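Worksheet: one structure, shown below.
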Amino acid sequence: MISTDTDILSLAEAWARSGRGVALATVIETWGSAPRPVGSHLVIDDAGNFQGSVSGGCVEGAVVEEAAEVIGDGKARTLEFGVADETAWKVGLSCGGRIRVYVERIAAEKAN
Amino acid sequence: MELSILSALNAERTARRASVLVTTIESGAQRLVKASEIATDPLAEVLDKQLRMAKSAMVEVEGAQYFLTVQAPHPRIVITGAVHVSQAMAPMAKLLDLDLVIIDPRTAFATSERFPGVRLLTEWPDEAIATIGLDGYTAFVALTHDPKIDDPGLEAALRSDCFYIGALGSRKTHARRIERLAAAGFDETATGRIHAPIGLDIGAVSPAEIALAILAEIVSSLRGPRRKPA
Numbered sequence: 001m002i003s004t005d006t007d008i009l010s011l012a013e014a015w016a017r018s019g020r021g022v023a024l025a026t027v028i029e030t031w032g033s034a035p036r037p038v039g040s041h042l043v044i045d046d047a048g049n050f051q052g053s054v055s056g057g058c059v060e061g062a063v064v065e066e067a068a069e070v071i072g073d074g075k076a077r078t079l080e081f082g083v084a085d086e087t088a089w090k091v092g093l094s095c096g097g098r099i100r101v102y103v104e105r106i107a108a109e110k111a112n
Numbered sequence: 001m002e003l004s005i006l007s008a009l010n011a012e013r014t015a016r017r018a019s020v021l022v023t024t025i026e027s028g029a030q031r032l033v034k035a036s037e038i039a040t041d042p043l044a045e046v047l048d049k050q051l052r053m054a055k056s057a058m059v060e061v062e063g064a065q066y067f068l069t070v071q072a073p074h075p076r077i078v079i080t081g082a083v084h085v086s087q088a089m090a091p092m093a094k095l096l097d098l099d100l101v102i103i104d105p106r107t108a109f110a111t112s113e114r115f116p117g118v119r120l121l122t123e124w125p126d127e128a129i130a131t132i133g134l135d136g137y138t139a140f141v142a143l144t145h146d147p148k149i150d151d152p153g154l155e156a157a158l159r160s161d162c163f164y165i166g167a168l169g170s171r172k173t174h175a176r177r178i179e180r181l182a183a184a185g186f187d188e189t190a191t192g193r194i195h196a197p198i199g200l201d202i203g204a205v206s207p208a209e210i211a212l213a214i215l216a217e218i219v220s221s222l223r224g225p226r227r228k229p230a
């Protein structure tokens with residue numbers, strides 16, 4: 001589990017270095033029976049390719065969609081998913097848990 | 001996240017050094033705190049606690065929310081001695097998710113029949129350790145009872161910052177060991193790092209019980225508050 005998530009961070013770096021727009025999603029909080037632990041990562045590029053997992057498949061689609069926005073405007077966002085959350089997202093976790101996911105852009109190094 | 005921060009995080013991990021990425025949720029501000037810098041960080045207390053548990057977490061300090069991405073190297077145990085106790089330690093270490101390497105130049109002991117699926121190095125400890133290296137996330141355990149094999153391993157461990165060093169043997173055996181190490185230039189502070197008699201005092205008798213006592217002591221050293229420097 002640990003190795004998987006750390007491999008994702010290496011991949012995020014490699015993607016960013018190759019010039020792709022890259023976003024990193026991280027599970028920052030969980031309640032109830034969330035499928036992936038805090039610290040799990042999903043990396044997404046500007047073409048919609050992704051690796052890793054924040055929910056074992058339940059909400060990846062929504063995170064990938066939001067990641068496109070994050071890559072576009074560079075603003076980090078906190079997303080919340082779960083059956084108990086009625087306000088924002090329609091995509092629920094079938095297991096009944098809730099998760100909070102932080103999505104941020106990997107900013108390329110400034111060329112001087 | 002700045003690519004430079006991500007690169008630094010990955011570099012620390014590759015080098016088997018612990019670090020914590022601190023993200024301020026409100027502002028998105030981020031900084032990488034290397035293990036060596038934790039003590040002087042404003043969040044030192046929570047960083048140290050999360051690092052000991054090797055767990056990423058959301059924390060709240062004085063009203064501000066921070067997410068801590070904790071990167072702790074995978075702990076491992078390096079043992080000299082492909083002996084009965086290490087045979088018991090191997091499957092237990094696997095359950096505890098601790099990597100295990102056994103060094104024993106005696107090829108009659110270090111066989112894959114006796115240690116299925118275990119990484120065995122049949123070199124002398126000084127050679128083997130030069131290859132695999134010892135660091136702050138390594139526990140070193142000397143189990144052969146043979147100074148020719150255990151001592152070079154212990155000397156290498158004492159020169160490293162292994163988080164745990166233990167050596168099998170009675171108090172009498174250990175007193176003689178300390179004399180030999182002193183002759184090799186290790187002072188009392190250094191030899192005081194060696195846990196001997198090895199393992200938590202649970203009255204262990206059988207090899208499996210001794211293995212349990214050793215592993216319990218290793219886990220306690222790994223997860224418990226850091227011992228204050230002498």
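Going down the list, the sequences are from chains A and B.
Oh and the first sequence: position 41 is 41 in UniProt numbering, straight run, nothing missing.
Oh and the second sequence: position 74 is 74 in UniProt numbering, straight run, nothing missing.
No residue lacks a Cβ here, since even glycine has one placed at the ideal position from N, Cα and C.
Predicted, not measured: the structure shown is a model, and the values here were computed from it.
| Asked | Found |
| --- | --- |
| Under 7 Å, do Arg119(B) and Val141(B) count as touching if we go by C-beta distance? | no |
| Using beta carbons (cut-off 7 Å, strictly below), is Ser19(B) in contact with chain A? | no |
| Residues of chain B with a CB under 9 Å from the CB of Leu9(A): which are they? | Leu6, Leu9, Asn10, Arg13, Thr69 and Gln71 |
| According to DSSP, is Ile71(A) part of a helix, a strand, or is it coil? | helix |
| Report all residues from its chain with a CB closer than 8 Å to the CB of Ile28(A); omit the five preceding and five following residues, and keep chain order. | Val38, Thr78, Arg100, Val101 and Tyr102 |
| Determine which residues share a DSSP beta bridge with Lys34(B) and list them. | Ser19(B) |
| How big is the Cα-Cα spacing for Phe186(B) and Asp45(A)? | 54 Å |
| Kindly confirm or deny that the region 75-89 of chain B and the region 213-222 of chain B touch, where touching means at least three C-beta pairs closer than 8 Å. | yes |
| Indicate whether at least one CB of chain A lies closer than 7 Å to the CB of Ala57(B). | yes |
| Run down chain B in chain order and give the residues with a C-beta less than 9 Å from the C-beta of Glu80(A). | Here the premise fails: no neighbours, minimum Cβ distance about 12 Å. |
| Give me the subset of the region 33-51 of chain A whose CB atoms are less than 7 Å from a CB atom of chain B, sorted by chain position. | Val38 and Gly39 |
| Flag Gly192(B) as yes if its beta-carbon sits less than 7 Å from any beta-carbon of chain A, otherwise no. | no |
| Considering only residues of the same chain and omitting the five flanking positions on each side of Ile214(B), which have a CB-CB separation below 7 Å? | Met89, Val141, Gly166, Ile198 and Gly199 |
| Can you tell me which of Pro35(A), Ala34(A), Ala68(A) and Ser33(A) puts its alpha carbon nearest to the alpha carbon of Phe50(A)? | Ala68(A) |
| By the 10 Å Cβ neighbour count, where 16 or more other Cβ atoms means buried, how is Ala156(B) classified, buried or exposed? | buried |
| Ala196(B) to Thr111(B), Cα distance in whole Å? | 27 Å |
| At what residue ranges does the region 14-71 of chain A contain a whole run of the beta strand (DSSP E), taking only runs of 3 or more? | 22-31, 41-45 and 50-52 |
| Suppose you measure from the CA of Asn10(B) to the CA of Ile106(A); what does that come to, to the nearest Å? | 14 Å |
| Tell whether a beta-carbon distance below 7 Å holds between Ser55(A) and Arg36(A). | yes |
| Name the residue from Leu212(B), Tyr137(B) and Arg177(B) whose alpha carbon lies nearest to the alpha carbon of Lys148(B). | Arg177(B) |
| Hey, could you find the ends of the beta strand (DSSP E) Arg105(A) is sitting in? | Arg98 to Ile106 |
| In three-state terms, what does DSSP make of Lys228(B)? | With a pLDDT of only 42 at Lys228(B), under the threshold of 50, the placement of this residue in the model should not be trusted; the figure read from the coordinates follows. If DSSP states are grouped into helix, strand and coil, Lys228(B) belongs with coil. |
| Would you kindly check if the distance between the Cβ of Leu143(B) and the Cβ of Leu168(B) is under 7 Å? | yes |
| Let me make sure I understand the geometry here. Which of Glu104(A), Glu13(A) and Gly57(A) has the alpha-carbon closest to that of Ser4(B)? | Glu13(A) |
| In the structure shown, what three-state DSSP assignment does Asp151(B) receive? | helix |
| Ile99(A) versus chain B: which residues are under 8 Å apart at the beta carbon? | Chain B residues near Ile99(A): none, gap ~12 Å exceeds 8 Å. |
| Identify the continuous alpha helix (DSSP H) that holds Met58(B) and give its terminal residues. | That residue, Met58(B), is in no alpha helix (DSSP H); its beta strand (DSSP E) goes Ala57 to Val61. |
| Which residues bound the beta strand (DSSP E) around Leu121(B)? | Arg119 to Leu121 |
| Around the C-beta of Arg223(B), are 16 or more other C-beta atoms found within 10 angstroms, so that it is buried, or is it exposed? | exposed |
| Identify whether Glu24(B) lies in helix, strand or coil by the three-state DSSP scheme. | Position check: residue 24(B) holds Thr in this sequence, whereas Glu was assumed. Strand at Thr24(B). |
| Can you tell me the Cα-Cα spacing of Ile202(B) and Arg106(B), whole angstroms? | 30 Å |
| Output yes if chain B places a C-beta closer than 7 Å to the C-beta of Ile71(A); else output no. | no |
| Where does the unbroken beta strand (DSSP E) through Glu80(A) begin, and where does it stop? | Arg77 to Gly82 |
| Kindly list, in the order they appear in chain B, the residues whose Cβ is closer than 8 Å to that of Ala107(A). | Met1, Glu2 and Leu3 |
| Is it the case that the region 61-68 of chain B contacts the region 11-31 of chain B, given that we only count it when at least three CB pairs across the two stretches are under 8 Å? | yes |
| Roughly how many whole angstroms lie between the Cα atoms of Leu98(B) and Asp73(A)? | 42 Å |
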